[in-house]
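What follows is one structure encoded as structure tokens, with my remarks underneath.
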Amino acid sequence: MAGLQSSNPVFGNAPTLKQGQTFGAPGFPSAGQVEDIYRTPQRLTMDDVVVKTGILLGIIVVTGAAAWVGNAPQGLVFGAALAGFALALVNIFKRQVSPPLVIAYAACEGVFLGGISKLYNDAYSGIALQAAVATSAIFGAVLYAFTSGKLKATPQFTKIVTGAFVGLFALVIVNALMAWIGGGSGLGIRSGGGIAILFSIAFIVVGSLTFVLDFDQAQRMVAAGVDERESWRISFGLVVGLVWLYLEVLRLLSYLNRR
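The sequence shown begins at 283 in the working numbering and counts up one residue at a time.
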């Protein structure tokens, strides 16, 4: 288990878990030990991850609501999408996690999600709420399955889920290139037809299972006693996955509404 890694690229620069420490404090600390404690960074806890994730999701909801209610122009919406993508890359490859940059990412994604959700909702009334509820339900179900031990990040599970997700994502890229070069619908996996619906369902199922790898990574980072600051990295990774999942669910629901 110690060698497993999440497929989420956000965790690529996370502190190595091979150097995890064990802690114990028998008896009463001396004055020097107390001083060392106050100079030592706080250890990561799962509560830190929950709080930071809640903060980021709150920012997304607030900025998203502002973009929706304010009827943000498309230029601002897609500009926020590009800024969010750029910030995501910076945060992924930045060795030292930066809370301000993570918060900025959440703000940009909120504007983008608020604007794009309104466009979908104008076309299919109620679809944004349906997508939000479905996304929450899927995330909650995977979290329950992980905490109850029904889903475990075993080496075989990790290999299968990672390979399947990479393969499906590669198909999306190939489809986009074929559509751009040929001017048609490419492989048809984003055309809204039967094939597109099946592909989207498969993408959602496999993508949702990658949360198991993220939960496992977070759990092992907590056990390793890494710096509390790393809670921002874990929360950022979870939010990136939730944003992707929401957009994919929104896309699937739009396909179903067309029919």
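Quick reminder that beta carbons are idealized off the backbone N, C-alpha and C, glycines included.
The beta carbons of V531 and I486 sit closer together than 8 Å. Here D509 is bridged, per DSSP, to R325. Pairing L538 with M503, the inter-Cα distance amounts to about 40 Å. Beyond the five residues adjoining it in sequence on each side, F481 comes within less than 7 Å, by CB distance, of I471 in the same chain, given in chain order.
One alpha carbon belongs to R541, the other to G474, and they sit about 9 Å apart. For L369, the enclosing alpha helix (DSSP H) begins and ends at Q356 to F375. The continuous alpha helix (DSSP H) containing N403 extends over residues P381 to A405. If the five residues before and after L527 are omitted, its C-beta is found closer than 8 Å to the C-beta atoms of T417, I420, F421, I486, G489 and S490, all from its own chain and listed in chain order.
In this structure, the beta-carbon distance from G396 to T345 falls below 8 Å. Segment contact: the segment 334 to 342 against the segment 509 to 529, three or more CB-CB distances shorter than 8 Å; contact assigned.
Distances from the CA of F451 to each of L411, G476, S430 and T492 were compared; the closest alpha carbon is that of T492.
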